[in-house]
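Visitor: Following this message is one structure expressed as structure tokens.
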Ligand SMILES: Nc1ncnc2c1ncn2[C@@H]1O[C@H](COP(=O)(O)OP(=O)(O)OP(=O)(O)O)[C@@H](O)[C@H]1O
Ligand SMILES: [Mg+2]
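Right under this line is the structure:
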């Protein structure tokens with residue numbers, strides 16, 4: 001690994017729902033400018049891990065560090081930290097009563113307290129980056145699934161976050177719509193946006209990921225550069241999973 | 001004989017009927033939103049106050065409230081010396097409880113992922129509520145609010161008992177003057193329908209239109 005600044009990290013992270021331990025001890029870190037991809041079977045805890053790293057839920061045990069600071073034991077303002085960690089959800093989560101522009105503007109206005117004019121300029125600029133400047137005045141219900149996800153990306157990006165977390169952003173999309181979203185994400189990776197992405201789009205992983213993490217039953221049981229992990233998985237579980245993924249898709 | 005002139009005379013009750021209905025609706029709105037919010041964000045035990053309020057309003061007939069206010073409490077609350085205000089407040093208090101339930105249902109229908117998305121941008125739960133949940137809940141609530149207005153217009157007729165000169169009272173006056181027992185009340189019934197139907201219908205249609213535009217369920 002490089003010498004870059006670690007932006008987000010976890011140490012011994014565990015999460016329990018009722019009697020079920022969903023995360024069983026995860027050590028993780030990501031440096032500025034990196035793209036990391038998480039793969040793993042359904043129910044292995046990928047979404048839970050991402051929500052916890054996005055500070056949307058507290059862990060049961062373990063620590064999370066943002067730029068080296070322990071998030072839950074120092075008196076940091078969690079809301080301000082969340083504003084620095086973008087999140088793109090799997091299911092449609094655009095604000096349905098607002099246009100694409102309104103969706104991107106809301107966080108700028110309410111959280112960053114930008115003036116209307118400035119927020120509007122920034123929002124249009126970001127919508128342009130995801131190639132949706134012509135759709136600014138449309139409501140989510142009038143956009144395709146792929147367009148909605150791109151607005152979701154724009155909404156996160158507009159806040160100028162230090163990192164963006166993506167939870168299977170293309171899982172609910174048709175194949176043709178998957179490309180337009182993946183293309184935008186590749187472009188962000190190339191521009192040096194720090195990204196942690198749960199996805200089974202292996203082409204994306206191969207092209208832009210610095211590292212792939214394989215998650216199984218609440219643990220990261222294998223990790224490595226894409227060529228290595230995809231071609232030569234060390235664990236039996238990862239081998240099985242990848243052969244099913246490539247064979248089945 | 002019930003004549004066209006009697007019909008016109010009867011119409012003089014309409015302004016008071018409308019005034020009681022809309023003022024009590026506004027009062028109910030002002031009480032209903034905070035009640036719904038307090039139940040959604042339980043704090044300082046205020047949610048128990050809200051619960052008690054809702055149960056009370058559900059269990060006590062609105063006519064009993066009107067009588068209690070006007071004849072029982074005018075000594076303590078000078079406002080209730082006015083029959084008009086007693087009726088309006090009784091209806092408004094009940095409407096507040098009902099409207100809070102309408103808003104609660106509407107808020108819950110907005111969905112957890114909307115709150116999560118807002119929080120992920122760094123909004124406080126209150127900001128998320130104010131800018132994301134509430135505006136959508138309003139739209140979902142429109143048909144329910146339409147039914148509530150219709151209910152208030154109809155129940156404003158109880159004010160007749162306190163002697164308020166509203167539509168039902170006027171129809172009774174005409175009944176006495178004309179000795180016609182059928183047509184004055186029939187005319188009142190028709191006027192009630194002509195008032196309630198377009199209002200409820202309008203809110204219903206506006207609700208459906210906005211819901212489909214915004215893809216809300
Ligand atoms: N809020 C919750 N309450 C209770 N159980 C939960 C909750 N969230 C997740 N779980 C459980 O935790 C386990 C891991 O779920 P999670 O969604 O993190 O898996 P995942 O790897 O993202 O799966 P998928 O690939 O299907 O999205 C599952 O058994 C799930 O039922
Ligand atoms: Mg998931």
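Protein chains in written order, with our numbering: chain A, 1 to 249; chain B, 1 to 217. For every residue, glycine included, the Cβ atom is placed at its ideal position computed from N, Cα and C.
1) What does the Cβ neighbour count give for residue 103/A, buried or exposed, with the cut at 16 atoms within 10 Å?
2) Is residue 143/B close to chain A? Criterion is C-beta to C-beta, closer than 8 Å.
3) Are there 16 or more other CB atoms within 10 angstroms of the CB of residue 251/A, so buried, or fewer, so exposed?
4) Among 161/B, 208/B, 212/B and 149/B, which residue has its Cα nearest to the Cα of residue 24/B?
5) Please tell me whether, using a cut-off of 7 Å, the distance from the CB of residue 119/B to the nearest non-hydrogen atom of ligand 4 is below it.
6) Please report the straight-line C-alpha distance between residue 138/B and residue 212/B, rounded to a whole angstrom.
7) I need the straight-line Cα distance from residue 99/A to residue 136/A, nearest angstrom please.
8) Pick out every residue whose C-beta is nearer than 5 Å to a heavy atom of ligand 1: which are they, in chain order?
9) Got a sec? Which residues, its chain only, sit under 6 Å from residue 209/B by beta carbon, not counting five neighbours each side?
10) Just to confirm, are residue 164/A and residue 88/A a CB contact at a threshold of 8 Å?
11) To the nearest angstrom, how far is it from the Cα of residue 112/B to the Cα of residue 27/B?
12) Report the rounded CA-to-CA distance for residue 234/A versus residue 213/A, giving the unit in angstroms.
13) Mind listing which residues of the region 121-142 of chain B have their C-beta closer than 8 Å to chain A's C-betas, in chain order?
14) Grouping DSSP H, G and I as helix and E and B as strand, with all else coil, what is residue 1/A?
15) Kindly indicate if chain A contains any beta-carbon less than 8 Å away from that of residue 108/B.
16) I believe residue 104/B touches residue 39/B by the beta-carbon criterion, under 8 Å. Please report the beta-carbon distance rounded to the nearest angstrom.
17) Answer yes or no: does any C-beta atom of chain B fall closer than 8 Å to that of residue 95/A?
18) Indicate, with yes or no, if ligand 2 has a heavy atom lying under 7 Å from the CB of residue 57/A.
19) Counting only beta-carbon atoms, is residue 213/B nearer than 8 Å to chain A?
20) Is there a C-beta anywhere in chain B that falls below 8 Å from the one on residue 154/A?
21) Span of the beta strand (DSSP E) holding residue 86/A?
22) Let me see if you follow: with CB-CB separation under 8 Å, is residue 126/A close to chain B or not?
23) Please confirm whether residue 36/B has its beta-carbon closer than 8 Å to some beta-carbon of chain A.
24) What whole-angstrom Cβ distance do residue 10/B and residue 171/B have, given they're in contact under 8 Å?
25) Does the Cβ of residue 5/A have 16 or more other Cβ atoms within 10 Å, making it buried, or fewer, making it exposed?
26) What is the DSSP secondary structure of residue 55/A, reduced to helix, strand or coil?
Guide: Let's see:
1) Numbered from 1 along the first chain, position 103 holds the residue referred to as residue 103/A. The residue is buried, with at least 16 neighbouring Cβ atoms inside 10 Å.
2) Residue mapping note: residue 143/B aligns to position 143 of the second chain, counting from 1. Chain A contact via Cβ: absent.
3) Outside the shown range of chain A, which is 1 to 249, sits residue 251/A, and nothing can be said about it.
4) Translated into positions along the second chain, residue 24/B becomes position 24. For residue 24/B, the nearest C-alpha among the options comes from 149/B.
5) Annotation note on ligand 4: not contained in the displayed structure, which lists ligand 1 and ligand 2 as its ligands.
6) To locate residue 138/B, count along the second chain from 1; it is residue 138. To locate residue 212/B, count along the second chain from 1; it is residue 212. The straight-line gap from Cα to Cα measures roughly 14 Å.
7) As a working note, residue 99/A is residue 99 in the first chain. As a working note, residue 136/A is residue 136 in the first chain. Whole-angstrom Cα-Cα distance: 7 Å.
8) The filter returns 17/A, 22/A, 42/A, 43/A, 44/A, 45/A, 46/A, 47/A and 48/A, in chain order.
9) For this step, residue 209/B is matched to residue 209 along the second chain. Cβ within range, chain order: n/a, list empty.
10) Stepping through the first chain from its first residue, residue 164/A is reached at position 164. Stepping through the first chain from its first residue, residue 88/A is reached at position 88. Against a cut-off of 8 Å, the Cβ pair of residue 88/A and residue 164/A comes out as a contact.
11) To locate residue 112/B, count along the second chain from 1; it is residue 112. To locate residue 27/B, count along the second chain from 1; it is residue 27. Approximately 30 Å between the Cα atoms of the pair.
12) Residue mapping note: residue 234/A aligns to position 234 of the first chain, counting from 1. Residue mapping note: residue 213/A aligns to position 213 of the first chain, counting from 1. Separation of residue 234/A and residue 213/A (C-alpha to C-alpha, rounded to the nearest whole angstrom) is 12 Å.
13) Within the region 121-142 of chain B, the qualifying residues are 121, 122, 123, 124, 127, 131, 132, 135, 136 and 139.
14) By 1-based counting over the first chain, the position of residue 1/A is 1. Residue confidence for residue 1/A is low, a pLDDT of 48 falling below 50, so the modelled location carries little weight; the figure read from the coordinates is stated next. Coil, per DSSP.
15) On the second chain, position 108 is the one that residue 108/B refers to. With 8 Å as the cut-off, residue 108/B does not count as an interface residue toward chain A.
16) Against the second chain, residue 104/B aligns to sequence position 104. Against the second chain, residue 39/B aligns to sequence position 39. About 6 Å separates the two Cβ atoms, so the contact holds.
17) In the first chain, residue 95/A corresponds to position 95, counting from 1. Yes, residue 95/A lies at the interface with chain B (some Cβ there is under 8 Å from its Cβ).
18) In the first chain, the residue the question calls residue 57/A occupies position 57. No, since every heavy atom of ligand 2 falls outside the 7 Å radius drawn around the Cβ of residue 57/A.
19) Walking along the second chain from the start, residue 213/B turns up at place 213. Closer than 8 Å to some Cβ of chain A, the Cβ of residue 213/B qualifies, so yes.
20) Within the first chain, residue 154/A is the residue found at index 154, counting from 1. For residue 154/A, the answer is no, since every Cβ of chain B falls outside 8 Å of its Cβ.
21) Locating residue 86/A in the first chain gives position 86, counting from the first residue. Looking at the DSSP string, the run of the beta strand (DSSP E) that includes residue 86/A is 85-88.
22) For the purposes of this step, residue 126/A is identified with residue 126 of the first chain, where counting begins at 1. Chain B contact via Cβ: absent.
23) Working through the second chain from its first residue, we reach residue 36/B at position 36. The Cβ of residue 36/B sits no closer than 8 Å to any Cβ of chain A.
24) Working through the second chain from its first residue, we reach residue 10/B at position 10. Working through the second chain from its first residue, we reach residue 171/B at position 171. Right, their Cβ atoms sit about 6 Å apart.
25) Within the first chain, residue 5/A is the residue found at index 5, counting from 1. By the 10 Å Cβ count, residue 5/A comes out exposed.
26) For the purposes of this step, residue 55/A is identified with residue 55 of the first chain, where counting begins at 1. Residue state, collapsed to three classes: coil.
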